[in-house]
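Structure first, then comments.
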């Protein structure tokens with residue numbers, strides 16, 4: 198069977214209906230003691246699921262690069278217990294480590310975990326559950342050649358699990374070239390999807406043949422122009438802003454699919470303006486990354502609505518609390534765009 202047919206068959210086995218167009222890397226929440234707040238995470242994901250049910254966990258937005266192994270293990274257990282057996286979710290597991298040895302350690306644990314739960318993990322399997330593959334970046338290194346990056350990636354792809362490539366030069370300090378992506382796609386059917394968060398769009402804009410590889414955009418902003426359904430180059434989105442505006446993103450895709458371009462463009466501009474404005478605020482936070490922090494700012498209002506000052510402010514992985522002044526600035530932006538919720542998802546059950 199030729200490579201394109203094998204990849205198409207794998208994708209069909211993983212997603213019998215279709216590959217979702219919207220994916221999200223959920224936030225990891227923490228309590229005042231700096232421990233993972235699983236109840237808070239549960240409520241947040243329940244807030245997402247009516248609109249987005251496909252997740253990268255842990256992704257960059259979920260502190261995937263900072264999490265300790267013990268935290269990583271506990272998050273996988275949490276997702277399996279609360280959502281893997283009860284809801285129809287799609288999960289790709291992040292292996293976000295700068296050092297290949299650490300990445301392999303995380304992979305080994307994830308494999309043991311999935312086997313323990315009797316979940317299909319081999320790319321040639323036919324009875325997949327919620328697990329849809331592992332997400333891998335090149336190892337970190339500004340001076341790495343494409344051959345060195347290729348060797349690093351191939352070591353993983355040889356294992357014959359479903360894989361998703363992740364282009365994130367903001368962390369890895371290097372990029373997969375279109376030529377390298379074509380090379381990998383031509384030889385390894387088990388790499389079936391790619392997320393590009395570079396913002397440069399070099400892979401999607403290239404005329405290289407990727408042999409039916411699904412390509413998702415991870416960079417924020419200007420959403421309307423990006424998808425194939427409106428003349429763009431991407432099959433879908435994997436966006437951190439899915440944490441903050443799941444319903445709006447779902448509506449955007451629906452408008453685009455129905456050809457309601459004027460309404461879709463208006464919504465796209467609104468989301469882009471909010472993202473850019475809150476991102477600038479988040480850049481004032483010295484710890485963590487601005488994508489995580491901007492979503493934590495917005496999520497606090499989604500969670501508590503008008504009563505946001507009555508509850509502990511968002512905690513970063515470093516244990517630090519986000520300053521009230523930055524939340525006040527975020528409130529003004531959300532209010533101006535008509536995106537400030539009156540009632541938060543954390544308070545609805547208290548009626």
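Residue numbers (this note's numbering): 198 to 548.
For every residue, glycine included, the Cβ atom is placed at its ideal position computed from N, Cα and C.
For residue 353 and residue 300, the gap between their C-alpha atoms comes out near 10 Å.
Here residue 364 carries a strand assignment [DSSP, helix/strand/coil]. Leaving aside the five residues that flank residue 399 on each side, the residues in its chain whose CB is nearer than 7 Å to its CB run, in chain order, 375.
With fewer than 16 other Cβ atoms inside 10 Å of its own Cβ, residue 459 counts as exposed.
Under a 10 Å Cβ-count criterion, residue 479 is classified as buried, with 16 or more other Cβ atoms of the shown protein chains found around its own Cβ. Contact between the stretch 418-433 and the stretch 376-388 is absent, with fewer than three C-beta pairs closer than 8 Å.
Secondary structure note for residue 236: its alpha helix (DSSP H) is the uninterrupted segment 235-245. For residue 220, the three-state secondary structure derived from DSSP is strand. Collapsing the DSSP output to three states places residue 414 in a strand. Between residue 378 and residue 365, the CB-CB gap reaches or exceeds 9 Å. Here residue 266 is exposed: its Cβ has fewer than 16 other Cβ atoms, across all protein chains shown, within 10 Å. A Cβ-Cβ contact shorter than 9 Å links residue 338 with residue 370.
Within the model, the alpha-carbon separation for residue 258 versus residue 223 is close to 7 Å.
A Cβ-Cβ separation of about 17 Å leaves residue 537 out of contact with residue 519 under the 8 Å criterion. Taking all protein chains in view, the Cβ of residue 277 is crowded by 16 or more other Cβ atoms within 10 Å, so the residue is classified as buried. Annotation: the continuous alpha helix (DSSP H) that includes residue 530 extends over 521-533. Between residue 528 and residue 498, the C-beta spacing is below 9 Å. Taking 9 Å as the cut-off, the Cβ atoms of residue 238 and residue 212 do not count as close. In the DSSP assignment, residue 402 falls within the alpha helix (DSSP H) that extends over 399-402. A residue is called buried when at least 16 other Cβ atoms come within 10 angstroms of its Cβ; residue 451 does not meet this threshold and is exposed.
Between the alpha carbons of residue 226 and residue 500 lies a gap of roughly 12 Å. Scanning the stretch 423-477 for uninterrupted alpha helix (DSSP H) segments of 4 residues or longer gives 443-454, listed from N- to C-terminal end. If you keep only unbroken alpha helix (DSSP H) runs of at least 4 residues inside the stretch 240-312, you get 266-276.
Under DSSP, residue 392 forms a beta bridge with 363, 413. Only exposed fits residue 522, as fewer than 16 other CB atoms lie within 10 angstroms of its CB.
Assigned with DSSP and collapsed to three states, residue 200 falls in helix. Between residue 332 and residue 273, the gap from beta carbon to beta carbon reaches 9 Å or more. Counting C-beta pairs closer than 8 Å gives three or more between the stretch 247-262 and the stretch 435-449, which meets the contact rule.
Looking from the CA of residue 220, the closest CA among 230, 288, 297, 232 belongs to 288. In this structure, 435 is the residue among 207, 435, 356 with its C-alpha nearest to the C-alpha of residue 395.
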